[in-house]
Every structure is written in structure tokens, then in C-alpha cells.
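Chains as they are written, first to last, in the working numbering: chain A, -3 to 159; chain B, -3 to 159; chain C, 2 to 499; chain D, 2 to 499.
See below for the structure under consideration.
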Amino acid sequence: MFINYEHENHVYNVTVERRDNQFFVTYDNNEYTVNATELKPGQLKIEVGDRVIKCVISEGEENKFVFIDGNIFKVKRIELTGQKRTGKKESRLSSPISGTVVSVKIKEGDTVKKDDVIMVIEAMKMEYLIRAPYNGAVKKVNFKEKDQIEIGQITAELEGKEA
Amino acid sequence: MFINYEHENHVYNVTVERRDNQFFVTYDNNEYTVNATELKPGQLKIEVGDRVIKCVISEGEENKFVFIDGNIFKVKRIELTGQKRTGKKESRLSSPISGTVVSVKIKEGDTVKKDDVIMVIEAMKMEYLIRAPYNGAVKKVNFKEKDQIEIGQITAELEGKEA
Amino acid sequence: MFKKVLIANRGEIAVRIIKACQEMGIKTVAVYSEVDSRAPHVQIADESINLGDPTPSESYLNIPKIIENAQSVGAEGIHPGYGFLAENPDFAKACQDKGIKFIGPKAEVIRLMGDKIEAKKTMENASVPVIPGYHGLKQDMATLAKEGEKVGFPLLVKATAGGGGKGMRIVNSEDELEQSIESAKRESKSAFGNDSVFLEKYLDKPRHIEFQILADEHGNVIHLFERECSIQRRHQKIIEETPSPAMTKELREEMGKTAVVAAKAVGYTNAGTIEFMVDGNLNFYFMEMNTRLQVEHPITEATTGIDLAKWQLKIANDMELTIKQKDLIQRGHAIECRIYAEDPSNGFLPSIGVLKKVELPNGPNIRNDTGVETNLEITPYYDPMLAKLVVSAENREENINKMIWALSHYVVLGVTTNISFLKKVLEHKEFKKGNITTHFIDNYFEDWIIADKGLPLDAIIALAVYDSIHTRRQEVVRFKEADPHSPWKRVGRWRMGV
Amino acid sequence: MFKKVLIANRGEIAVRIIKACQEMGIKTVAVYSEVDSRAPHVQIADESINLGDPTPSESYLNIPKIIENAQSVGAEGIHPGYGFLAENPDFAKACQDKGIKFIGPKAEVIRLMGDKIEAKKTMENASVPVIPGYHGLKQDMATLAKEGEKVGFPLLVKATAGGGGKGMRIVNSEDELEQSIESAKRESKSAFGNDSVFLEKYLDKPRHIEFQILADEHGNVIHLFERECSIQRRHQKIIEETPSPAMTKELREEMGKTAVVAAKAVGYTNAGTIEFMVDGNLNFYFMEMNTRLQVEHPITEATTGIDLAKWQLKIANDMELTIKQKDLIQRGHAIECRIYAEDPSNGFLPSIGVLKKVELPNGPNIRNDTGVETNLEITPYYDPMLAKLVVSAENREENINKMIWALSHYVVLGVTTNISFLKKVLEHKEFKKGNITTHFIDNYFEDWIIADKGLPLDAIIALAVYDSIHTRRQEVVRFKEADPHSPWKRVGRWRMGV
């Protein structure tokens, strides 16, 4: 079986074949022969030669979460069809959090400088500032004071170019 | 729905009807209207009038276990067909535990008195004594020293009568 | 003793107080908003009341609704926990007016200590050292700007009614002053309904060290030693410990005495905390008083053997303190780590979602104060603190190792947490030496990113095995039949096109 | 410090020691028999070794197999826990011979203290008070019968090599003497491979009070105060507490000093326990020395703040004791309840089966030492102790209430446990007063039966609701269609025909 995992904008390609409790994993031109047992749902004990990997894996709606050696990794399994996919562009104009707009500092037609605060969003009793990622003119403001905003929604559109 | 629960040689007959999260339970000529939510698998919160019952129920192969108010009850759901069932007779000649026979005090033809030790069984590093439940003659000895014995198996057969 | 107490809070602190009540034979009433209907504090309480709308002002901050419910269920006392209404004098007053005992200090004392300017004046009058600054009533920008220049830079802008980093800004130069004041005022207005601020000298190598106080209603006041709370991010504590590595026997005695003086100066009753700033030369200054149980109270409990939550209930029941100052002993070392649903590699932004799995570390001297469990949803309505992990040991070095072990076994899947980050802080050589200030996180972890080396090999193998076990047979076939010449079928790691 | 330690045990004590090692940076090796392959101690250890056949002599008692494995994985030390090989001098010797550090006292000391007769003689020579009795080498029935009559009735028959109630019998009159001696000899032979017994005066209002000892390999010995262990069933402790309600300051000092004298008399090293019997007049007598970590060590840890398991490792690593007797303080009150898979209403017979659900109580000062979890099977091969529940509080009264709360929230479904029974003991008015002796259970709970009033109404309602939710629709229909005239269709409770 051929699988692609996405983690923080990187893709990891791996193949795995199973024979009973033995698994043959190929990654980065190395093959690993491992014995594995699922002790409890999601809790695996994996032996790779002398080494023992203990981990807990859990599935969310979109992501898998891997707890291993005290660290947690959020990973998405993706299907690649031969078409090069374009990664989601992180825009500094999008809201980093779901919350309430408490202050809008700009209006259509304004000129802003890089790092000017354009909107203030409050969530979980903290304020988050949205700053202009580059110099430009405000084309459209998508939210007004007291609006609810969801994570990832674009606060405003700027004309200009990324420095 | 009509259900019979067996608990420590008693049978409890109860009926229950459900409408969404509301349940109508009849027991001992009283009807109880209750609201119930299963918070987690087996963990119920049940409101009977002003009172809140919190319990955890878990199913074994044969029994259900009910944790309620700090106490645990082992209950079996039984089907009664109209034929009066005879309760399992607890014989003091049966082994109370699975273990190893460490000593056999009797042989066929012996006469024993009530409370005489007839066999010693060891399990979990403790000794358990099987005593004669009544005066009588030994008809058959089913185990010898070092035999494995399972819980409920009959250690020996006695002729005689229960006092 | 009370027969029934309502706990006007949620999360781990509600759970902790409910358990304290139940151990003392007091019936408990939980309150909850709709999104919290299956939360642990609701499950364990003897009764629970639905406050409806999750917006705090409609539920956990709704004074009339909470008081009415307390009356209707016959609660004789209300414990406010921390946050929400804990330091709201109007709430304490409203309880008193309805004949319900507010488990905390008197409303007047909360009001006085809640006004940071008045609080400082009161302390100055009681000869408690305070930090130089402007605490005037004139709140126009011109005055504040002028006074700010007098105090000098760097300085702090702080909300008069604030607490926990809300409405607080550091200002490094004159340029930033106006915008910072404006922003602090707005945040304070929204959080506390009051936009008054004050300005304060920003100290060199500052440590945040606080003293726990217990005061009964008969005039007895004791302190339960210090807590070192310098490890903060965004002005909120994330790691606390006791004893403080900076503390000397003499300084502890002096600060402890000062804390008792401060509490007596305002006629304080119940549990409270005097927060001090301590500079590089071990000068200390009164910062503020928290008129409630603190988040970090468990480390004091671990080292003194005193149950603070139970004493809150006893004191509110008019009991006299039976613990004498001279009998108190600080023993061993305790650390608390606050487990937050937040992303340390992205400005500590809160993270929301369903907790797919929660498995807590356990063992001797490991205490988990938690208000969450597997399958609970973390919503954006409330503070993103999930739980507190408190460990104690014979000494600081052993205890840091114990905490690292515990964090390494702390499983929370489904939201991003600060657990790996906490571990990195504890592993830092300056932390191990005890060289900490309130700037520690900014100094050493400004651009910290989790897993900067990407997904480790072990995780890749584990995922592959997991998916191999859990992928249905027909899917496996489909994967097998994928185009063998696909350019994506080389096996390794590559960066996605951005 | 050791780099790697093998833990030659299973269950909660293996888990506890593994965690202590891991916190200290020591790699751990678990051993297990086939039935334990998924047990928690195997899951948490860094490495694990399958010893095969579950019969103890083939696995956890198999000295050559354990030593070979320790060598092959490069373990520098072996911790034996308690039970199994913990007090087997041959095992300690075998470790020593192979250059593996046995984490406990020297083999000779184990051998000496394991021989109860020699141990008493040694103590008498060191002026430690001992109980009158026959400790002779002549083991023929005639001698024992004659000596027994000399000691007088009631008396105790005890296995020379015994411990934990195995090979022990109380004899109330001459009639019972021979059969009791025979049975004790057989049990001892089977458990310890030695059928030698001794006889001992049976004390009035006896309490079992023991002192914890720590001794380093440089001649320093301290005691860590007492543990009251009088609450026993079948001569095995089930509830332990500290401080003892019988103890006075003077008696504690005297017994503590005596315990240190006893330990020094045999050149004791590492952690150990001196068990005393204390009679109604507070006379105390040396009973035996346990040359290992005790089951009930956590209550000492809770009240002294000392981590005994870690000190075992440090001492075995040649570290000197840094704790001085004068610095030790007994603070607060701690209780341990042993959670057994057994049926208190049926002679405490062990219960086996699959644990369908295990949910432990938690909160401040609640410690769960457990070696089991949901879905684990309890087999008949080993001791039926599932876990230990240890709570501590400021004083005994608060602590008893805390323990009752904790037991009331302790969920173990699938096997019969002693949890309800433990709760009843704690709720007993004589227990609350501290009026306890080793006869407490026999005196007050001889014919105790759980739930003597049958299934409570709430359980019936809960079951009905549960079944209503979980019964599939077609089954419901079938139940509905059952003969409406069936004589069984009256609704209530009735006793089955016997």
C-alpha cells in the first residue's frame, strides 16, 4: 500500500505491506521490517530491530494525531493523483482564530503600510491583531465591528504586492 | 419491554417503555417516569423527579455489572418462559475456586462427619478447605493430589443426607 | 458546615472545588452553559443547572441568573473559583444581599483590591513597598503620555481592573505609548467593563513571586510561603514552582511578614495571594492582591500539606484557623505546568476542536487537576486551559526530571497543546539553574517551532503500520493499483509547492 | 547511577518501580509471563522479556531464567519488588555472583531475617523485646505439642520462612493444635519450600505496628516513623494508616530507636521494615523484619515526603543518605486501602475474570498505584490484589472521609472486589475512634454480606433504562409479544426456588 502523509507543508511518501503482525515499511529508500501489536485501540507497540516504538494514534475528522516519545504530530493522509497540488497559501490577512471583531482600523480606499494594524479580533478573552502584510490600498473590508469571524476567513482585501 | 434480572438468587421483574430520552419503568406496582442520558458508553445520568441517579453499567459474558452510589451489583438478565426455573443449588462439595488439589483426606468407603476436611485446594497462594456438609460415606473421590480443579467442579460424592 | 454549595465556575477549578465539598459531606450544585452540558464538572456534581447561552455574559458571568438558581436549589454558599465572577465585588455583594455566603473575602475588600490604583495607595500607607509609577485618576491621553515619560521607558501599561495579562502592555519607547494605551484600554473595557489604566516602572531581571495567605474571620492571618511564577507567555503564567530558586530564608521571612501586613491592612478574609515583583537585587515590590483561590494553589498544597479549598469552605463557615504560622513547614519542591489548547509555534494562538484522546500521566506525587476528558469539545468561548499538571519531589532537580517524565507521558490528541513546549522550557539549562525572569520565554523561545525537523522516522513507521491495520481491504487494493509511473510514487519527503 | 534495571515482578509494584527508574533516567526492563503480555508494567517499560509459562515457578520465581535475561539485556541491577523473589536469599546471592546489583539488603541478611527463629534470637541478643514462644529446631509433633502447651492458648503457629499470613494459624485450644501445625507446615512447604514452624504467645488487643527503615551502605540508618497495619483479613493487611491512632510521642521515639537498633544489629542496608506487635498496654514486641519494600510504603511517602523507591535505587548505587533523622517530619495523615479481586461476603475468596471497566477516583492527595486497566484479565495464577488506593489529608478524621469519598468513586466492573467492604470498615464507629486491633475484621465483620437488602431500586431503574437503550428493536418486539398471562409477568422481586 502506498500512502502520502502531509505534515506542516511537507509530504512524506511511504509504502507498507503487511503479513500477519509483520509489516514492511519503505521510506526514503530504506526498508524496515517491523513487528507491531495494537495493545489498545490506537495504542501501538512497534518493534524495529532492537528498538521499540510506543505510540498512540487517534483520528480526527481530517487529521490523524500521533503521540510518540512525548511529542504530538498532526498529520493528514492525502491522495495524490499525479497532479501536482498547490499548498494552501497562508495569508496574513486571514483570521488566525474564530472570535469577534472588536475594532476595524481601515475602510475601503485607505492606504496602509506594512505592519499597520487593520483589524482587532477577540477570542477566548485575548486580543489578536491583524496587520497588513505589505504596503497597499484597501480594496474591500469583509467584516465590521462585533461581527463573528471564523478561523481562516479573510479579514480584508488589499491591492499591492508582497514585499 | 418486560425484563427479568437475577441477583443473588432473587429475580426482579420490571417493565420499561421508551419515548426518546424519556423512560417509563414499572417495578413492584410503581411506575417511574425518568429522563436519562448516556454520557459515555455505559455511563448513565438518570433523573427521577428531583433525584439524580448516576451509574456505570458494563457487560460481561454472562453478567451485567452496575456501579451505583459506590456499590457494585452483579446481575444476570434471564429469560423466563412460564416454566418455573430451579435455582442452581450451591453444594458445599464443589470447589469454590480454580486451583490445585494439595491434599485429599478421604478415600472411597470412608465415613466422614459433618465439617471434616475432605480436600485442600490451593489457589493464588492461599489454601481453601472443603469440608463435609453432612455425615456420610464417601462414594467417589473425583480428584487426587496435584490435580487442577476448576471453580464449581464437585470434589467428591457423599452418601448421606443434609442435616 | 454548609449543607449545599453552588460552584459558579467550570473546568478544572469547578471539579476541584466540587470534590473538596463532597469529601466534606457538602452537596454540590454545578452550573453550565449549553456547550458544557457533558463536561466533567457537571457529571460529578450532585445537581446541575443549565445556564443556557454559552456567551459568558449570558451564563458564567450572569449574576442574577446564578443567584436566582442558587436560591431555588437552596444553596447556602457560592464558591466562585477563579476568573469569571471570582473578583467581581458586585457578585459578592449580591450574594450577601440574598443571604448566600460568598466563599471569599468581603465585597468591599474585593472592590478595593480590584482597583489597582487604590490598592497601591492602601499598601503604601501600610508601609508595603510598591513599584514607582502613575496611578492617577486623570485618564486622558495627554496626561498619560506625560506621566509615562516621567516614569521612563520601558514601562508597563496596565488595566486598573485587570488581571492575568489582560489589558497589559509593555512599552519600550515613546513611539509606542499611545497605541499601547489605547489597546490596553479597549481590552480592559471589553474584559472588565472599565478602561482605566495605570503606568508602572518596568523592572530589571524581574521575577514574579507571590505569597499565599489564609485569613479567618476572627483576625488570624497566616502566609503559606511563596510561589515563583516568572515563567509566563503573553503575561500569563504557564509554569509555577515553590520554593522559588531565588529565595533566601531571610527574604522569605521578610516577604511573608509583609504579605501578612498587606492582608491585615485591608481586613482580608479567606484565601488570597499577594503578588510581588522581585528585581535582580532581591528588592521586592507589591504588585497586586488576588482576592481568590489562584490557579497555581496546588503547589502550595503539595509543599505545605494544607488543603486550601477546604480551608476556604471552613473559613466561610466561621471556623477559626487551627494552623499556626510556626507549625507550617515548606517541604520538598512542587511544580505546576498549565496545559493549554494553544499553539506555541504560532504565537500561542488558542486551538479548538474535539479531544480525540486524553490520557494523563500518573504516579506518586503526580496530581492532575483537569476539567476535560476524551471526546469533549474545546470551544472558543472560554479560556483554553485544559488542565494542570502538578508534581512534587524531594528537591528541585529531581522534580524537574519528574515533570519532564510526566509531560512525556501526557497524551492529548485532537487539539494543539503546549505540552512539548513546556517540556522544552523545563529542559532549558537556564531554567534548570533557576535563572528565570518574567522575560524567560521571550528571551529564549521567541521563535520556537515544534518539530522543526519535520516528522520523525518513528512517526512515519507508526502511521504506516496504523494505516495498514485500519485500512479496509478494498482500499488497499485501490492504493496498490495506483499508477506505478506516477511522479508521486517516489518514497520520501518533499516540500509542497507554496 | 544505573543505566538499566530489570524489575523482577509484575502488577502495581512493577509499575511503581519502573516509573521511579524512568524519572531518574534509568532504562527499565520488565519481565512477564504469557498471561501478562499486555499488562501495564509491560506496556510502560522500555524493554520487556517474555518468561513464558504463567506458573510462578516457571516465570516470576525462575531464578536462572531471570538472571540470564538480565545479563543478556545488560541490566546492571535487579529490583525484586515485594513477594516472589524479594526475600529469597538465593536470588540475591545469584545476582551478586553474576555481578548484578540486587536492589535490597545483602543475601546473608535476607537469609538471617527469613529464618524467623534465628531472627528472634538475634533481636533478643540486641535487647530488642520479642514475644514469648517456642522457636526451637525440633519440629516433631510431640515437641511442638508440648511446647505449645507451655506457651499456652491462644497461641500462633507461624511458618519460620513465612510472611503475609501464609503458613500462619491461630490455635485456641489444645484440640486444634495438631491439625493447625500440620496445615501450616504444608502451606509453608508449598509457598516457601520449608515446613519449619514456631509457636508464639497470642497477645491481648494486639495491634500490628511497623517502622520503616532506610539504611545506606555507609552505616547510616534512619527510621521513617510507624505504620498501623492492624486491619487484616485472613492475616493479610487490607487497610494501613499513619500515624497510628494508638501512638504517643514517647512510644514513637522509643519504638523508632528500637527499630534502628534492630536494623543495625544485622547490618541492614536498603529499605526495610521492622514489624512489631503492640498490646493493649502499649508494650511492644519485635515480630519480624521484612527485608524489602512493603506494599504499604506509600503512606510513609505521603507523610514524610520521601520517595522510598528512589532511595532504594540511590542506596544500591552506593549513595549516602542525605536525610537526617532530625530533619524528618511526619505530617498529616495517610491511609492505604488494598483493592482486591475477592469476595468479602464469601470468605474473601479470590475472584477471576475480565475487568470490563476500571475507573479510578482522582483528586488532590489521591494516589492510585495500580497494575491493571480496563480489558485486562485477572487470572488465578497470582495474588488477587488489583491496586492500592492511598489518600492523605491534614488529619485522620478528614482523611477517613476522603477515603470513603474515593472508594465511593472507585469503579471496577467484571470481577468481585472488596471495595464496598473496605468502605464499611472505614465507616465503622470503632474504626473512626481508632479502636482497632488485628481482630477487628473478625470481631465486627464475620458474617458480612454485601447488599443484604438485595438490588436497590435505583439499580433496577438504571438497568431497565440501560437495557431499553441497548436492546435491538427486534428483541424488544419479542419481549413485548411474550405471553401476557405468564405467571412470571408480575412485576417485582421474588426468591428463586432453591
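Note that the Cβ used here is the ideal one computed from N, Cα and C, for glycine as well.
### Task
Apply the 10 Å Cβ neighbour rule to Lys258 (chain D) and answer buried if 16 or more other Cβ atoms are within range, or exposed otherwise.
So Lys258 (chain D) ends up on the exposed side.
### Touching by the beta-carbon criterion (3+ pairs, under 8 Å), the region 124 to 134 of chain B and the region 150 to 157 of chain B
Yes: the two stretches touch, three or more of their Cβ pairs being nearer than 8 Å.
### Task
Going by CA-CA distance only, name the one from C:Met2, C:Cys22, C:Ser181, C:Ile210 that's closest to Val198 (chain C).
C:Ser181
### Message
Is there a C-beta anywhere in chain A that falls below 7 Å from the one on Asn11 (chain D)?
### Response
For the sequence presented, residue 11 (chain D) should be read as Arg rather than Asn. Answer no: the Cβ-Cβ gap between Arg11 (chain D) and chain A never drops below 7 Å.
### Message
Using a Cβ distance threshold of 8 Å, determine whether the region 237 to 248 of chain C contacts the region 336 to 354 of chain C, with at least three qualifying pairs required.
### Response
yes
### Query
Taking the alpha carbon of Lys250 (chain D) as the point to measure from, which residue in D:Gln331, D:Gly273, D:Met278 has its own alpha carbon closest?
D:Gln331
### Task
Compare the C-alpha of Ala310 (chain C) against each of C:Thr304, C:Asn63, C:Gln295 and name the closest.
C:Gln295
#### Entry: Cβ contact (3+ pairs, closer than 8 Å) linking the region 104 to 119 of chain B and the region 11 to 25 of chain C
In short, these stretches do not touch, since the Cβ pair count stays below three.
### Query
Going straight from the alpha carbon of Lys206 (chain C) to that of Glu175 (chain C), what length do you get?
Computed Cα separation, rounded: 22 Å.
### Query
If the cut is a Cβ gap below 7 Å, which residues of chain D does Glu24 (chain C) touch?
Asn402, Lys403, Trp406
#### Entry: Among A:Ser94, A:Ile64, A:Ser90, A:Tyr23, the one whose alpha carbon lies nearest that of Tyr382 (chain C)
A:Ser94
### Task
Apply the 10 Å Cβ neighbour rule to His440 (chain D) and answer buried if 16 or more other Cβ atoms are within range, or exposed otherwise.
exposed
### Task
Pair every Cβ in the region 375 to 391 of chain C with every Cβ in the region 345 to 365 of chain C, then say whether three or more of these pairs are closer than 8 Å.
yes
### Query
When you compare each of C:Val222, C:Val30, C:Pro365 to Ala263 (chain C) by their alpha carbons, which one comes out closest?
C:Val222
### Strand pairing of Arg112 (chain D), partner residues [DSSP]
Beta-bridge pairing links Arg112 (chain D) to no other residue.
### Task
Could you name the residues of chain B that Glu500 (chain C) contacts, counting a contact when the two beta carbons are closer than 7 Å?
Lying outside 2 to 499, the shown extent of chain C, residue 500 (chain C) is not represented and no answer is given.
### Query
To which residues of the same chain is Ile111 (chain D) closer than 8 Å at the C-beta, ignoring the five residues directly before and after it?
Glu88, Asn89, Pro90, Ala93, Gly105, Thr292
### Query
What residue from D:Glu77, D:Ile300, D:Pro362, D:Leu322 has the CA that sits closest to Asp98 (chain D)'s CA?
D:Glu77
### Task
Could you tell me whether the region 183 to 199 of chain C touches the region 150 to 170 of chain C, using the rule of 3 or more Cβ pairs below 8 Å?
yes
### Backbone CA spacing between Thr144 (chain D) and His136 (chain D) [nearest angstrom]
Roughly 11 Å separates the two Cα atoms.
### Task
Establish whether the CB of Leu40 (chain B) and some CB of chain C are separated by less than 7 Å.
no
### Query
Rounded to the nearest angstrom, how far is the Cβ of Ile(-1) (chain B) from that of Ala460 (chain D), given a contact under 8 Å?
With 8 Å as the limit, Ile(-1) (chain B) and Ala460 (chain D) do not qualify as a contact, their Cβ atoms being about 13 Å apart.
### Message
So for Ala127 (chain C), helix, strand or coil by DSSP?
### Response
coil
#### Entry: Helix, strand or coil at Ile67 (chain C) according to DSSP, with G and I counted as helix
helix
### Contacting positions in the region 286 to 311 of chain C - beta carbon closer than 7 Å to chain D
For chain D, the residues of the region 286 to 311 of chain C that bring a beta carbon within less than 7 Å of one of its beta carbons are Pro299, Glu302, Gly306, Ile307, Asp308, in chain order.
### Query
Buried or exposed: where does Gly364 (chain C) fall if 16 or more other Cβ atoms within 10 Å of its Cβ makes it buried?
Counting Cβ neighbours within 10 Å, Gly364 (chain C) comes out buried, since at least 16 surround it.
### Message
Taking DSSP's pairing of strands, which residues face Gln144 (chain B) in a bridge?
### Response
In the DSSP output, where bridge partners are listed per residue, Gln144 (chain B) has B:Thr96.
#### Entry: chain C residues whose Cβ lies nearer than 9 Å to that of Phe330 (chain D)
At residue 330 (chain D) the sequence reads Ile, which differs from the Phe that was named. Those within 9 Å of Ile330 (chain D) in chain C are Ile330, Arg332.
### Message
With a threshold of 8 Å, are at least 3 pairs of Cβ atoms found where one atom belongs to the region 211 to 225 of chain C and the other to the region 265 to 276 of chain C?
### Response
yes
### Cβ-based contacts, 9 Å cut-off: residues of the region 268 to 285 of chain C near chain D
Considering only beta carbons, no part of the region 268 to 285 of chain C lies closer than 9 Å to chain D.
### chain B contacts from the region 173 to 197 of chain D (Cβ-Cβ distance under 9 Å)
Gln180, Ser184, Arg187, Glu188, Ser191, Ala192
### Query
Taking the Cβ atom as the reference point for each residue, do Ala71 (chain C) and Ile101 (chain C) lie within a distance shorter than 7 Å?
yes
#### Entry: Lys80 (chain A) in three-state terms, based on DSSP
For Lys80 (chain A), the predicted structure reports a pLDDT of 39, less than 50, and the residue's modelled location is therefore unreliable. A value from the coordinates is still provided. Three-state DSSP puts Lys80 (chain A) in coil, outside helix and strand.
### Task
Would you check if the distance between the CB atom of His3 (chain A) and the CB atom of Leu458 (chain C) is smaller than 7 Å?
no
### Neighbour-count burial assignment, Arg15 (chain A), 16 or more Cβ in a 10 Å radius
exposed
### Task
Report buried or exposed for Met142 (chain D), applying the criterion of at least 16 other Cβ atoms within 10 angstroms of its Cβ.
Exposed, because fewer than 16 other Cβ atoms sit within 10 Å of the Cβ of Met142 (chain D).
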